[in-house]
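Number of protein chains: 2
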Amino acid sequence: MNPLIRKLERFTRLSDEDKRLLQQAASARIVNYDSHQDIIAEGEEPNDVNLILAGWVCRYKQLADGGRQIMSFLLPGDLCDLNIFLLRRMDHALGTLTPVAVAKISRDLLQEMLNADPRLNRALWWEVLVTAAIHREWLVNIGRRTALERVAHLLCEIYVRQDSVGRVKGGRCELPVTQVELADALGLSAVHVNRTLRELRLSGLIDWRDKHLSIPDLDALTAVARFDPDYLHLDYEGERFDAEC
Amino acid sequence: MNPLIRKLERFTRLSDEDKRLLQQAASARIVNYDSHQDIIAEGEEPNDVNLILAGWVCRYKQLADGGRQIMSFLLPGDLCDLNIFLLRRMDHALGTLTPVAVAKISRDLLQEMLNADPRLNRALWWEVLVTAAIHREWLVNIGRRTALERVAHLLCEIYVRQDSVGRVKGGRCELPVTQVELADALGLSAVHVNRTLRELRLSGLIDWRDKHLSIPDLDALTAVARFDPDYLHLDYEGERFDAEC
DNA sequence: CGAACAGTTGAACTGTTTCAATCATTGTGG
DNA sequence: CCACAATGATTGAAACAGTTCAACTGTTCG
C-alpha cells in the first residue's frame, strides 16, 4: 500500500476520496534516481513536491569548507518540500542515499489536494509539523548529548519511525547508509562514529550489518540514548477531527 | 505598528481586512509575564496561539541531566505554536527571557483568520516555514561550525532579523539575554561562550553591553561566521500571490 | 586482478568542558 | 543609605571528549 496513506492514517481518518487523490498523486509521474544524486540542489526553485516511494533520501547543506550537515533522513512515504508554494528557493538540498523512486506531485495537483478536504489538508500539514519537531529534537541531540547518546538516539529514531509504518520485522529494519553519512547527520567525525558504534555493538545493544539494523533490546538502547519518542507525535492525535466532514 | 503585520508584509501584500483581523487578534487578550517564566511547559496541551508583542521569548527543551537546549529566540512580532491545531501536546516549552507581553489568539479566532483570505493563510504558514528554516540552519551551526563561527553566526542572525523589522538603529539592536542563555542556544558551555565573546570583542567585531549589541562592520562579522542570510527568506518572495484576490 | 570504497584501529593533538576562584553589578531589606 | 545576597561575567588550570592523520583490512565490482 502507498506508504504515505499509511502514515497519514496514523494521524487521522481519510475518506475514500482522499485516498484516491493521494494514490493518484503517488502514481502520476514517477522518477528514478541512482545512489548519491541530488534530487534538488540548494538554491534551485522547486516545481514539484517529491514523495518518496522507495529508497532513502537526505536533506542536507553543504559547507564551503567541505563539511556537510545532514538534517533529515527521508524514508518511503515521506514528503519533501510541501513548502514549495511559499518559499521560493531551496535553502538546502535533497540527495539520494540509495537508488530512489520518487513521485513528482505538481503544484496544481498539490493545491487541489489541499483544497479537496480539510482533513487531508490537516494531515499534510501535520506531516510538515512532525518534520519540524524532528528537527528540534536533532538540535537537542547534537547540541547537548554525548557521542554515545547521539548515535544511540538516532538509531532509536530510525527504528521507531520505521516501526510506525510497518517496516520493522523481527526486531530488524533497513539502515542503508554509510558511517560517514551517519557522522554527517550527527555532527561527529566518521572515525568517532565508528568507535561509538563498536561500543554499542560490544555492549550487545545493536547489530548492524548488511544495511540492516537489529536492536535486540529497544528499552536498553532507549535508556542509553535517553530517547523519548513523544516528539515523533506518533499517537493517534487527530481523532478530534474525525467527526468533521 | 503591530510588528506581526510589519513582518508578514515582508512576504506579501495584505488587504485592509487582513490587517484589521490581525490587529484585532493582537489586542483581544493580552497577558504579561515576568522574566524567566514559562508561557507554556513541555507536555501541556495548548489552547491559544501566542503572539509576542514585547520582550524576548525562547523555545527550549529541558534535559534530565540539568542541561537545556534553546531552539529559538522569539522576538516581538513572532508567533509561537501555529501548530496548536494539529499537534496535541507541546514537545518543548516556551519561556520568557525578559518581561514579556503576549497576545493570546484563540483557536477559533485563528481558524477564522486562516479561512478569511488565502493570502493571510499563506502569510501565516510562511512564518511557520521560515521558523523551520531557521531550525535547519541552527542544526548546521551547532553540528559543523567552530565556537567562534557559531557565536558570530547567532549574533549575525539576531541582528539581521531585528534589522528586517526595523529594530536596528545606528548599527545597534537589543540583545537582552545572558551568556548562559546564549550558551544554551549554541550547544556550548557558558565559560567558552564568554571566551569566544572576548575574542570577538577584542577583534573589534562586536560591542555588547547594556543588553544591546553593536556590530560596527557587519560584513566582517558575516565573513567570520560564514553567515548567509538566505535561509531567513527575507526577500519579498510572495509577489506571485499578490495578484490573487 | 586491481581500483574504489567502506570500515577499523592507533597515536597525537586540540577545542571545549569542568571546576573553582574572583570580580562587578544590581537589587533589597534593615 | 549601607550591607549583603544574588546574579552574571571573567579568568586560570587541569582534564577530557572528540578530531585529525595515517595506515591497514575487508569487500565489492567492473
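Chain order of the listed sequences is U and P.
Read in order, the letters of the first sequence correspond to residues 1 to 245 in UniProt numbering.
Read in order, the letters of the second sequence correspond to residues 1 to 245 in UniProt numbering.
Glycine residues also receive a C-beta, built at the ideal position from the N, C-alpha and C atoms.
None of the values given here were measured: they were computed from a predicted structure.
Item: Distance, residue 151 of chain P Cα to residue 207 of chain P Cα; Value: 13 Å
Item: Own chain residues within Cβ distance below 7 Å of residue 3 of chain U, not counting five before or after; Value: 76, 77, 165
Item: Opposing strand residues paired with residue 60 of chain U [DSSP bridges]; Value: U:70, U:93
Item: Among U:63, U:68, U:53, U:67, the one whose alpha carbon lies nearest that of residue 74 of chain U; Value: U:53
Item: Cβ pair count under 8 Å reaching 3, the segment 105-116 of chain U against the segment 58-67 of chain U; Value: no
Item: Test: residue 61 of chain P CB closer than 8 Å to a CB of chain U; Value: yes
Item: Alpha-carbon to alpha-carbon, residue 210 of chain U and residue 7 of chain P; Value: 50 Å
Item: Proximity test, Cβ basis, 8 Å: residue 153 of chain P and chain U; Value: no
Item: Among P:31, P:228, P:226, P:204, the one whose alpha carbon lies nearest that of residue 217 of chain P; Value: P:204
Item: Contact residues within the segment 187-213 of chain P, judged by C-beta distance below 7 Å to chain U; Value: 187
Item: C-beta atoms of residue 188 of chain U and residue 225 of chain U nearer than 8 Å; Value: no
Item: Paired residues, beta bridge with residue 174 of chain U - DSSP; Value: U:212
Item: Within the segment 127-169 of chain U, ranges of the alpha helix (DSSP H) (whole runs, at least 4 residues); Value: 147-164
Item: Any chain P beta carbon closer than 8 Å to residue 9 of chain U; Value: no
Item: Cβ neighbour criterion (16 or more within 10 Å) applied to residue 137 of chain U; Value: buried
Item: Sufficient close CB pairs (3 or more, under 8 Å) joining the segment 18-28 of chain U to the segment 175-192 of chain U; Value: no
Item: Residue range of the alpha helix (DSSP H) that includes residue 8 of chain P; Value: 3-8
Item: Cα-Cα separation, residue 81 of chain U to residue 238 of chain P; Value: 17 Å
Item: Residue 117 of chain P versus residue 13 of chain P: straight-line alpha-carbon distance, rounded; Value: 12 Å
Item: Proximal residues of chain P, C-beta to C-beta of residue 140 of chain U below 8 Å; Value: 61, 63, 69, 71
Item: Residue 139 of chain U beta carbon less than 8 Å from that of residue 186 of chain P; Value: no
Item: For residue 242 of chain U, the first and last residue of its enclosing alpha helix (DSSP H); Value: 239-242
Item: Nearest-angstrom Cα separation, counted from residue 122 of chain P out to residue 15 of chain P; Value: 13 Å
Item: Straight-line gap, residue 223 of chain P to residue 132 of chain P (C-alpha atoms, nearest Å); Value: 24 Å
Item: Candidates P:115, P:194, P:128, P:50: closest to residue 94 of chain P by CA position; Value: P:50
Item: Below-8 Å beta-carbon distance, residue 237 of chain P vs any chain U residue; Value: yes
Item: Three-state secondary structure (DSSP) of residue 84 of chain P; Value: helix
Item: For residue 106 of chain P, the three-state DSSP class (helix, strand or coil); Value: strand
Item: Of the residues U:102, U:48, U:92, U:160, the one placed nearest residue 84 of chain U, counting alpha carbons only; Value: U:48
Item: Residues bridged to residue 49 of chain P (per DSSP); Value: P:105
Item: Chain-ordered chain P contacts of residue 83 of chain U [CB-CB under 7 Å]; Value: 129
Item: Where residue 242 of chain U meets chain P, residues with beta-carbon distance less than 7 Å; Value: By Cβ distance, chain P contributes nothing, its closest Cβ being about 14 Å from residue 242 of chain U, past 7 Å.
Item: Buried or exposed by the 16-neighbour rule on C-beta atoms within 10 Å, applied to residue 37 of chain U; Value: exposed
Item: Bounding residues of the alpha helix (DSSP H) (the contiguous stretch that carries residue 184 of chain U); Value: 179-186
Item: Spatial distance of residue 200 of chain U from residue 92 of chain U (CA atoms); Value: 32 Å
Item: Under 8 Å by beta carbon: chain U residues contacting residue 48 of chain P; Value: Ordered by position in chain U, no residue passes the 8 Å Cβ test against residue 48 of chain P, which lies about 17 Å from the chain.
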